[in-house]
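Student: Sharing a structure below in structure tokens format, with a few things to ask.
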Amino acid sequence: MLFFYVSLHFINLLKLLIMDKFLDTPVTSESNMLISCSDVIAIQTGDASGADDATKTTIFYNSGNSVTLTHGSVSTTLEMRDSLQNAMEEALKTSWTEVAFAYVPAKAVSAVAVA
Numbered sequence: 001m002l003f004f005y006v007s008l009h010f011i012n013l014l015k016l017l018i019m020d021k022f023l024d025t026p027v028t029s030e031s032n033m034l035i036s037c038s039d040v041i042a043i044q045t046g047d048a049s050g051a052d053d054a055t056k057t058t059i060f061y062n063s064g065n066s067v068t069l070t071h072g073s074v075s076t077t078l079e080m081r082d083s084l085q086n087a088m089e090e091a092l093k094t095s096w097t098e099v100a101f102a103y104v105p106a107k108a109v110s111a112v113a114v115a
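When the letters of the sequence shown are read in order and numbered with the numbering used here, they come out as residues 1 to 115.
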């Protein structure tokens, strides 16, 4: 029982040492939004139901939350999704002291909805 307690205590300590990363995302006519790179399980073209794949891209998190970006129409279906994935990968490679990664989206983002 002591080993289990110590193991859980150690895991909680590790959580404190892991820094979250965010994409500092410019949004048209609004201030920049910070979009979490942590706990992402999928990035899908379209909204949560898969509709509007030319102008919306949705990030799904393990927590059950999602973030939908509304953006300019893409020329290829995967353009915005790939842009987000590549930016998240680069953000996660940075030093733990660099929390916000400046993201330049493939298309202008006009709205960010969190659900």
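Just so it is clear, CB atoms sit at the ideal spot from N, CA and C, and this is done for glycine as well. Note that this is a predicted model, so its numbers are computed, not measured.
Measuring CA to CA, which of S29, L78 and T58 is closest to C37?
Tutor: The residue you call residue 37 lines up with position 37 of the sequence shown. Nearest option by C-alpha distance: T58.
Student: Just verifying my parser: in three-state terms, what is the DSSP assignment at A42?
Tutor: As a working mapping, residue 42 is identified with position 42 in the sequence shown. Note: A42 maps to strand in three-state DSSP.
Student: If I measure Cβ to Cβ from A115 and keep anything under 6 Å in the same chain, skipping five residues before and after, which residues do I get?
Tutor: As a first step, residue 115 is located in the sequence shown; it is residue number 115 there, counting from the start. Once the five neighbours on either side are set aside, the close Cβ partners of A115 are S66.
Student: Got a sec? Which residues, its chain only, sit under 8 Å from F22 by beta carbon, not counting five neighbours each side?
Tutor: Along the sequence shown, read from residue 1 onward, the residue named residue 22 stands at position 22. The residues are L34, I35, S36, C37, A91, V99, A100 and F101.
Student: Using a Cβ-Cβ cut-off of 6 Å (strictly less than) and excluding sequence neighbours within five positions of P26, which residues of its own chain qualify?
Tutor: Here residue 26 is taken as the residue at index 26 of the sequence shown, counted from 1. Cβ neighbours of P26 beyond the five flanking positions: N32.
Student: Output the distance between the C-alpha atoms of S137 and S110, rounded to the nearest integer angstrom.
Tutor: Any answer about residue 137 is impossible in this case: the structure gives the chain only from 1 up to 115.
Student: State the beta-bridge partners of Y61 as determined by DSSP.
Tutor: Counting from one through the sequence shown, the residue named residue 61 turns up at place 61. Answer by DSSP bridge pairing, in chain order: V40.
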